[in-house]
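Per my numbering: the sequence shown = residues 2 to 586.
Beta carbons are placed, not taken as given, at the ideal position from N, Cα and C, and that holds for glycine.
In this text the structure is predicted, and so the values were computed from the model without any measurement.
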Amino acid sequence: MGLVTRHGFFLGLFLLFQALSEFIYASFLIIFTALYLIYWLIQTRRVADTWKHWATTRVAPAIFALAIAAFVFLIPMSPILAAQISDLQTEGDIFQRGLGFADIFSSDALGFFVPSHLHPLFGALETQFHFAYTNFAYLGYAAIFCALIALWKFPRARMWGVGFGIFVLLSLGPVLRVNGATVFDSPLLPFNWLLEIPFIKGNRYPSRWSVMVILMLAVLVGYGLLWLTQKAKVKSEKFKIVLPFAFLLLTFLEHLSVPLPTSDLQIPKVYQTIAADKRDFSVIEIPLAWRNGFRMTGTLDQAMMFAQFFQTAHQHPILGGNTSRNPELKFQYFTEAPVLNSLIAVETGHKLDSATLEREKKLAPVVLNFFGVEYVVWHSPRDPDNRPALDAARAYIENILPVTKFSDVTDAQGDLAAYRVNARGALPAQIRGDDLIARLFFAEGWGALGKNVWATRRDAKIFWRLDAARDATISFRAFAPMANQRVVVRVNDRDACAIQLQADWKEYACRVASDAWRAWMNEIIFRFDALGSVANVHEGAGFAKFILTKEGLTTSFVIGNTGVNSPASIVAYSAGSEVGDFAHI
Numbered sequence: 002m003g004l005v006t007r008h009g010f011f012l013g014l015f016l017l018f019q020a021l022s023e024f025i026y027a028s029f030l031i032i033f034t035a036l037y038l039i040y041w042l043i044q045t046r047r048v049a050d051t052w053k054h055w056a057t058t059r060v061a062p063a064i065f066a067l068a069i070a071a072f073v074f075l076i077p078m079s080p081i082l083a084a085q086i087s088d089l090q091t092e093g094d095i096f097q098r099g100l101g102f103a104d105i106f107s108s109d110a111l112g113f114f115v116p117s118h119l120h121p122l123f124g125a126l127e128t129q130f131h132f133a134y135t136n137f138a139y140l141g142y143a144a145i146f147c148a149l150i151a152l153w154k155f156p157r158a159r160m161w162g163v164g165f166g167i168f169v170l171l172s173l174g175p176v177l178r179v180n181g182a183t184v185f186d187s188p189l190l191p192f193n194w195l196l197e198i199p200f201i202k203g204n205r206y207p208s209r210w211s212v213m214v215i216l217m218l219a220v221l222v223g224y225g226l227l228w229l230t231q232k233a234k235v236k237s238e239k240f241k242i243v244l245p246f247a248f249l250l251l252t253f254l255e256h257l258s259v260p261l262p263t264s265d266l267q268i269p270k271v272y273q274t275i276a277a278d279k280r281d282f283s284v285i286e287i288p289l290a291w292r293n294g295f296r297m298t299g300t301l302d303q304a305m306m307f308a309q310f311f312q313t314a315h316q317h318p319i320l321g322g323n324t325s326r327n328p329e330l331k332f333q334y335f336t337e338a339p340v341l342n343s344l345i346a347v348e349t350g351h352k353l354d355s356a357t358l359e360r361e362k363k364l365a366p367v368v369l370n371f372f373g374v375e376y377v378v379w380h381s382p383r384d385p386d387n388r389p390a391l392d393a394a395r396a397y398i399e400n401i402l403p404v405t406k407f408s409d410v411t412d413a414q415g416d417l418a419a420y421r422v423n424a425r426g427a428l429p430a431q432i433r434g435d436d437l438i439a440r441l442f443f444a445e446g447w448g449a450l451g452k453n454v455w456a457t458r459r460d461a462k463i464f465w466r467l468d469a470a471r472d473a474t475i476s477f478r479a480f481a482p483m484a485n486q487r488v489v490v491r492v493n494d495r496d497a498c499a500i501q502l503q504a505d506w507k508e509y510a511c512r513v514a515s516d517a518w519r520a521w522m523n524e525i526i527f528r529f530d531a532l533g534s535v536a537n538v539h540e541g542a543g544f545a546k547f548i549l550t551k552e553g554l555t556t557s558f559v560i561g562n563t564g565v566n567s568p569a570s571i572v573a574y575s576a577g578s579e580v581g582d583f584a585h586i
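Here you go:
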């Protein structure tokens, strides 16, 4: 039992280490463990005398080891898993949204046999093929040769061959591509099955399965080398010693990638100036973009990736960035924000009309003040094809934003221009759902913005910016869709007041002491004790026109300018590929 406990402990420990470094690869380890366990149980059952003997001597210890592994893994991981589960319960399935980039970042069937484009001798071969993305799948012919020997000579090695085949199929992704052409598009491909497994379906890059492909291949190579050293008709002991090193040398030469591509990570000196400013503020980096496993909002240029590294020098918030998985609103919030929306449009090659530019020029001081922006830094693109759009973004900065340029340099990294915000617009004391800047204030928990904005969750969040903490009163006008609906107003995670809402339009006020507020950004949460079903509220409940009749307050939901009344509240909400790529009803 001591050995079983030890094995379970180390299984859980290494799974924990892998999850803390990269959760995707931890899911690979879980799948591999499950496959190996199935194989092991089948093999041990074949040699067991009876089912009872097998269950007591094999199955029970295996279950005990897995329980130990689960304990070692889950206890330290529980805070992270709890946060993930909480987000999933609130936001829905954020691990999977369509195929993401899975159809591109997949292994090509020919890629297993084509050396890297970085190989000093054979790198040019890749140019003769039409892979959808950079080829990472090359196995090496020496390794393939040894693996074939293993499958031929060692029956017990064939289990690893089965694993190799499974992981190769997974790395091919949702469709089978051969030299860039789709030859088989079917839900029967194993990668598509994983899209139904929670957490594991979060892997949107099938080519990552090549890690498991190589792991299986390595075991097969070991068997193959064993046969070559022990069974080949060569009696020289020196040859047996030299053979493994010769294989390593050949493998090294096959996979040689020189020179490796590098990035110039010297931090521009302008960030020293920004770091020296000890105030609380944020920075806008251009190119401005947000990226996760499904979506890229803003320019596709690699320059946006460097901003997060430069941030380590100045230690201030930036508006863009790269993450893994996040709820839709985390990106959509910025995408729909005035000024930021226009910056995204300009740097992705779109033209803005004069009316939009004039409106943005008036809003820019307010928007920059809301986000606390003190500096804007523009970088030239890494891809020359993006230069015209990024030059247009620079013109937008200089003509629309209230900034003054204080640095303009050209070095090995390209061009850089830095601007200091010189004017801040006054933030409004009152906000309405149809205001041009309403998106800035309404966070999670609200329906589509308009004259009337419905709270769609128990917790509906508002952002409010204050220059300094002070006593303040939150006043709001609300319509409750049910009698005796209760709401608790919370400011920065502190209960400020509890209000019993009336089933009618009413005005309410909540006095909040200064110690609940903080300078800069504040979170106000309206926490409702219950939500009313739209279908159960009187006819037409939703984003409707409220009409006072003899019978009381009723609604009429007119669809746009058609004059047609909808019998229920219906919201159709969509966005193109550059600004969300979704459609909701």
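In the displayed model, T274 falls within a helix according to three-state DSSP. In this structure, E445 keeps its C-beta atom at 8 angstroms or more from the C-beta atom of S476. Residue pairing from DSSP places G322 in a beta bridge opposite W291. Residues F583 of the same chain have their beta carbon placed closer than 6 angstroms to that of A576, with the five preceding and five following residues left out of the count. Of the residues S208, R59, K406 and L149, the one whose Cα lies closest to the Cα of Y26 is S208. The region 168–176 and the region 144–154 do not touch, with fewer than three beta-carbon pairs separated by less than 8 angstroms. A144 is positioned such that its CB atom lies closer than 8 angstroms to that of T252. Look at T183 here: in three-state DSSP terms it is strand. The bridge partners DSSP lists for R512 are T474. In the same chain as A125, and ignoring 5 residues on each side of it, no C-beta atom comes closer than 7 angstroms to its own. Rounded to whole angstroms, the separation of the alpha carbons of V488 and A499 is 6 angstroms. If you draw a 10 Å sphere on the C-beta of E348, you find 16 or more other C-beta atoms in it, and that means buried. D460 sits in a strand when the DSSP states are folded into three classes.
Here the C-alpha atom of V572 lies approximately 18 angstroms from the C-alpha atom of A461.
For I526, the uninterrupted beta strand (DSSP E) run begins and ends at W521 to F529, by DSSP. Here T135 has H118 as same chain residues with Cβ atoms under 8 angstroms from its own Cβ, once five neighbours each way along the sequence are excluded. Taking 8 angstroms as the upper bound for CB-CB distance, L177 and L190 are in contact here, some 7 angstroms apart. Under the DSSP assignment, D392 falls in the alpha helix (DSSP H) whose first and last residues are R388 to I401. Looking at the DSSP output, R466 sits in a beta bridge with M522.
The beta carbon of G93 sits closer than 7 angstroms to no other beta carbon from its chain once the five residues preceding and following it are set aside. Residue state for I105 is assigned as coil, using DSSP reduced to three classes.
Secondary structure within the region 320–379: not one fully enclosed beta strand (DSSP E) run of 3 or more consecutive residues is present. H8: member of the alpha helix (DSSP H) spanning G3 to S22, first to last residue.
Sixteen is the threshold: when 16 or more other Cβ atoms of the shown chains lie within 10 Å of the Cβ of L229, as they do, the residue is buried. V340 is a Cβ neighbour of V368, given a cutoff of 8 angstroms. Here H54 is exposed, its C-beta having fewer than 16 other C-beta atoms within 10 Å. Between E375 and R421, the gap from beta carbon to beta carbon is short of 8 angstroms. A Cβ-Cβ separation of about 13 angstroms leaves N293 out of contact with T336 under the 8 angstroms criterion.
Contact annotation: A449 and Y334 have beta-carbon atoms that are not nearer than 8 angstroms. The continuous alpha helix (DSSP H) containing V163 extends over residues R159 to S172.
Spatial neighbours of A394 in its own chain (CB-CB distance under 6 angstroms, excluding positions within 5 residues in sequence) are listed in chain order as I287, V347 and E348.
Judged by DSSP in its simplified three-state form, F443 adopts strand. For W455, the secondary structure class from DSSP, reduced to helix, strand or coil, is coil. Per DSSP, M213 is one residue of the alpha helix (DSSP H) stretching across S211 to Q231.
By the Cβ test, the region 377–384 is in contact with the region 299–308, since at least three Cβ pairs between them sit closer than 8 angstroms. Counting only the Cα atoms, W465 lies some 11 angstroms from I526.
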